[in-house]
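Trainee:
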Amino acid sequence: MYSDSDDSGFAQGSDAVLFGASRLGTKDHWDSVYTREIVNYEESGDIGDIWYGEETAEKLVNWVSNNIDDTNARILDVGCGNGHLLVKLAAEGYTNLTGTDYSLQAVELAQSIAKGSSFSDRITVLEQNFLDPADVARVAGHEKFDVVLDKGAYDAISLMLKDDEDANTCLEVDRAAIDIYPNSVVASLKDAGILLLTSCNWTEDELISRFKEHLEFAGRIKHQSFRFGGVVGQTVVTVAFKKRK
1 MYSDSDDSGF AQGSDAVLFG ASRLGTKDHW DSVYTREIVN YEESGDIGDI WYGEETAEKL
61 VNWVSNNIDD TNARILDVGC GNGHLLVKLA AEGYTNLTGT DYSLQAVELA QSIAKGSSFS
121 DRITVLEQNF LDPADVARVA GHEKFDVVLD KGAYDAISLM LKDDEDANTC LEVDRAAIDI
181 YPNSVVASLK DAGILLLTSC NWTEDELISR FKEHLEFAGR IKHQSFRFGG VVGQTVVTVA
241 FKKRK
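Numbered continuously in UniProt numbering, the sequence shown closes out at residue 245.
(1) What are the boundary residues of the beta strand (DSSP E) that residue 192 is part of?
(2) Report buried or exposed for residue 77, applying the criterion of at least 16 other Cβ atoms within 10 angstroms of its Cβ.
(3) For residue 235, which option in 138, 52, 45, 128 has the closest C-alpha, if you only look at C-alpha atoms?
(4) Name the DSSP bridge partner or partners of residue 240?
(5) In its own chain, which residues sit with a C-beta less than 7 angstroms from the C-beta of residue 47, not counting the 5 before and 5 after it?
(6) Could you work out which residue in 36, 238, 109, 130 is closest to residue 183 when comparing CA atoms only?
(7) Does the stretch 186–205 touch the stretch 141–149, meaning 3 or more C-beta pairs lie closer than 8 angstroms?
(8) With 16 as the cutoff for other CB atoms within 10 Å, does residue 245 come out buried or exposed?
(9) Please report the distance separating the alpha-carbon of residue 66 from that of residue 91.
(10) Can you tell me whether DSSP reads residue 127 as helix, strand or coil?
(11) Apart from the five residues just before and just after residue 167, which ones in its own chain have a Cβ nearer than 8 angstroms to its Cβ?
(12) Out of 50, 71, 105, which has the shortest C-alpha to C-alpha gap to residue 39?
(13) Let me confirm a value: residue 224 is counted as buried when at least 16 other C-beta atoms fall within 10 Å, else exposed. Which label applies?
(14) Is any non-hydrogen atom of the ligand PLP found closer than 7 angstroms to the C-beta of residue 33, if you look at the structure I gave you?
(15) Can you tell me whether DSSP reads residue 60 as helix, strand or coil?
Put into structure tokens, the structure is as follows:
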């Protein structure tokens with residue numbers, strides 16, 4: 001699916017030990033990005049970058065529309081960034097939308113964009129550390145969510161720097177964070193709830209293997225494919241999982 005490495009710091013392989021940490025996994029990076037995008041939005045109305053592009057966002061919204069009939073279903077967008085996906089879902093008639101991000105600047109931008117749309121009453125945006133069980137429980141509440149969407153959050157978590165003062169290991173990823181994430185998803189979802197996860201760092205098989213303890217494969221979204229060395233792959237994968245009862 002990938003070459004040996006790419007500029008995100010990801011080294012191809014089936015084991016997370018082969019990942020390399022990257023600035024894309026740091027909160028400081030995203031705080032800086034969204035600080036700039038707040039200024040751009042205030043000056044020009046530009047909402048900023050759309051992770052994986054508009055076509056991918058459209059496919060995610062179409063998948064939700066085709067598979068989630070209840071427009072009042074509780075839907076959580078983890079690592080929502082500018083909240084673009086939430087606004088698109090609201091435009092499709094979904095009324096109970098929550099976005100979270102660990103960057104306060106992203107939250108502020110998403111809140112502003114939601115308020116600037118005609119769907120602000122359908123969207124709530126909150127600051128959340130998705131790797132903190134108490135914070136996960138706070139946002140999920142007693143009802144929990146019918147759907148959790150992730151368009152890039154797990155990728156960023158997979159590139160987080162391990163908290164280690166040894167300079168020889170300073171580029172090692174935080175594998176504990178990678179392992180905590182599935183537990184946070186499970187704690188956020190109702191029984192039989194859906195996770196729809198989009199990634200450019202993990203293959204479909206790797207994601208299925210990583211989540212199989214608590215989540216079962218429920219479908220996929222097809223993205224543009226390519227052929228390299230006789231192998232067909234995709235630069236982006238989207239996998240749907242259902243929480244086991």
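Built from N, CA and C at the ideal position, the CB exists for glycine as well.
Mentor: This is what the structure gives:
(1) Residue 192: member of the beta strand (DSSP E) spanning 189–199, first to last residue.
(2) Residue 77 should be labelled buried.
(3) 52
(4) 196, 219
(5) 41, 82, 84, 113
(6) 130
(7) Result yes; three or more Cβ-Cβ pairs closer than 8 angstroms.
(8) exposed
(9) Approximately 15 angstroms, taken between the alpha carbons.
(10) strand
(11) Any answer about residue 167 is weak, because its pLDDT of 39 lies below 50 and its placement is not dependable; what the coordinates show is given next. So the list is empty, once near-sequence residues are dropped.
(12) 105
(13) exposed
(14) Here there are no bound small molecules, and the ligand PLP is not part of this structure.
(15) helix
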